[in-house]
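In the order they appear, the protein sequences are chains H and S.
Letter 42 of the first sequence, counting from 1, is numbered 41 in numbering that gives the first Met the number 0, and no numbers are missing.
Letter 146 of the second sequence, counting from 1, is numbered 145 in numbering that gives the first Met the number 0, and no numbers are missing.
Have a look at the structure below, then the notes.
Number of protein chains: 2
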Amino acid sequence: MAENTQNQGPRWLNHDEQRTWRAYLLATRLLMEQFERDLQAHAGIPLTYYEILGRLSEAPDRTLRMSHLADELFASRSRLSHAVARLEEMGWVRREQCPGDRRGALAVMTDEGFAALEQAAPSHVESVRRHLFDQLTAAQLDGLREVSEHLRDHLVSSLGLACPPDAADATRSSDTPS
Amino acid sequence: MAENTQNQGPRWLNHDEQRTWRAYLLATRLLMEQFERDLQAHAGIPLTYYEILGRLSEAPDRTLRMSHLADELFASRSRLSHAVARLEEMGWVRREQCPGDRRGALAVMTDEGFAALEQAAPSHVESVRRHLFDQLTAAQLDGLREVSEHLRDHLVSSLGLACPPDAADATRSSDTPS
DNA sequence: CAGCTATAGTTGAGCTGTCAACTACTTCCT
DNA sequence: AGGAAGTAGTTGACAGCTCAACTATAGCTG
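The structure is reproduced here in structure tokens:
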């Protein structure tokens, strides 16, 4: 009921689309859960933390400003802040004052952090190979890359357009009424 | 350093693979976050809860045994238990004694639950269309389905082989030592 | 039928993520 | 210079997930 009432109605998924959607959703979930489990078992950290360490390890002086790190990972500042706090507790990252901008903070990877990453990397890469790359043909991987890049670009650009509404009245606190 | 030492060394990702992996990871994350956000905004529930409701709505009498529901969704019993508890609080699902097996529990979708699902569905489907189906060509979608089904099947079967180790000594508690 | 063992489901602690405030600094504009 | 608005980052409450432990029932086997 209420399939195609009047105002163009919801564009329901047909059988094939349903099938694609469910397969994609499930495969993606199982894949991520697998990577998380493997990484948790071998390194004791979630995939997002691994990525943070990865970016830091590639950066000059293994140092990045919090906001750059957040932008590179497309993570919210809040998420990054919590994550870095956790990594700091573990002694894998250290925070430093950002010279020239006293609001800023630098995340600096420690030697222990680098060692931990080096130790975690091989089994993580093996996991990614085993469950993803080894399962697909070169053509399928090309297709997957193409599709992923396309979807990513779409989402990244649509992300930029979604936020502004708040910015307009963000600072409208309770003081300075007029 | 330590690229190809002796014991076959880690099979690092080459440039193209790295690119594919990062694109896939990011696209997938952004996509899921988008669906979660949309669903949260329009229906106030996470995607997993939506799926639970979806399966229940398709089941005879809108009723499924907890374990069947968990199996269908490839969710852990724990996860399902917590989720159904929450859905019960909202009045969208009700638990019943399973006739014939006193261990069992049935999850029954309430009329309010069904109404909530019906109300949430259109915007969710729109979101999936907008960010996934509308972005890809028919050929790309075919490829995505093929790849997803393949990865899913691999993971599902490798899942069955990964657990048994526990089963052997699962009941080894602290009592009955000899 | 006694006793393992397996199955069904729940529970609680701990962790990561989101969202919405909040502080503090900087930049721009007049 | 002075004040509004933007930017950087943190924090705390809360929600969902995982894991391990637990209860309770079922089923198998000698």
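Quick reminder that beta carbons are idealized off the backbone N, C-alpha and C, glycines included.
Since the model is a prediction, treat every value here as computed from it, not as a measurement.
Proximity below 8 Å, CB of residue i to CB of residue j
i, j, result
"residue 38 of chain S", "residue 29 of chain S", "no"
"residue 91 of chain S", "residue 109 of chain S", "yes"
"residue 116 of chain H", "residue 53 of chain H", "yes"
"residue 86 of chain H", "residue 68 of chain H", "no"
"residue 94 of chain S", "residue 82 of chain S", "no"
"residue 126 of chain H", "residue 33 of chain H", "yes"
"residue 72 of chain H", "residue 57 of chain H", "no"
"residue 151 of chain H", "residue 25 of chain S", "yes"
"residue 55 of chain H", "residue 119 of chain H", "no"
Residue i - containing alpha helix (DSSP H), residue span
i, result
"residue 94 of chain H", "Counting along the chain, residue 94 of chain H falls outside any alpha helix (DSSP H), though it belongs to the beta strand (DSSP E) covering 92 to 96."
"residue 30 of chain H", "14 to 42"
"residue 10 of chain H", "Element bounds for residue 10 of chain H: n/a, residue is neither H nor E."
"residue 80 of chain S", "76 to 88"
"residue 47 of chain H", "46 to 57"
Buried/exposed call for residue i, threshold 16 Cβ in 10 Å
i, result
"residue 153 of chain H", "buried"
"residue 156 of chain H", "exposed"
"residue 11 of chain H", "exposed"
"residue 19 of chain H", "buried"
"residue 27 of chain H", "buried"
"residue 77 of chain S", "exposed"
"residue 60 of chain S", "exposed"
"residue 84 of chain H", "exposed"
"residue 159 of chain S", "exposed"
"residue 40 of chain S", "exposed"
"residue 22 of chain S", "buried"
"residue 174 of chain S", "With a pLDDT of 36 at residue 174 of chain S, under the threshold of 50, the predicted position of this residue should be treated as unreliable, though the coordinate-derived value follows. Under this definition residue 174 of chain S is an exposed residue."
"residue 167 of chain H", "For residue 167 of chain H, the predicted model reports a pLDDT of 36, less than 50, meaning its position is unreliable; a value from the coordinates is still stated below. Looking at its Cβ environment, which holds fewer than 16 other Cβ atoms inside 10 Å, residue 167 of chain H is exposed."
"residue 0 of chain H", "Low confidence applies to residue 0 of chain H: its pLDDT is 49, below 50, so where it sits in the model is not reliable, and the reading given next is rough at best. It is exposed - the Cβ of residue 0 of chain H has fewer than 16 other Cβ atoms within 10 Å."
Run of the beta strand (DSSP E) containing residue i, from where it starts to where it stops
i, result
"residue 106 of chain H", "104 to 108"
"residue 62 of chain S", "62 to 64"
Pick from the options that is closest to residue i, judged by C-alpha positions
i, options, result
"residue 64 of chain S", "S:97, S:124, S:145 and S:130", "S:97"
"residue 146 of chain S", "H:138, H:149 and H:148", "H:138"
"residue 9 of chain S", "H:21, H:143, H:128 and H:140", "H:128"
"residue 100 of chain S", "S:143, S:16 and S:66", "S:66"
"residue 88 of chain H", "H:112, H:74 and H:102", "H:112"
"residue 133 of chain S", "H:149, H:120 and H:119", "H:149"
"residue 130 of chain S", "S:74, S:31 and S:13", "S:31"
"residue 13 of chain S", "H:70, H:15 and H:124", "H:124"
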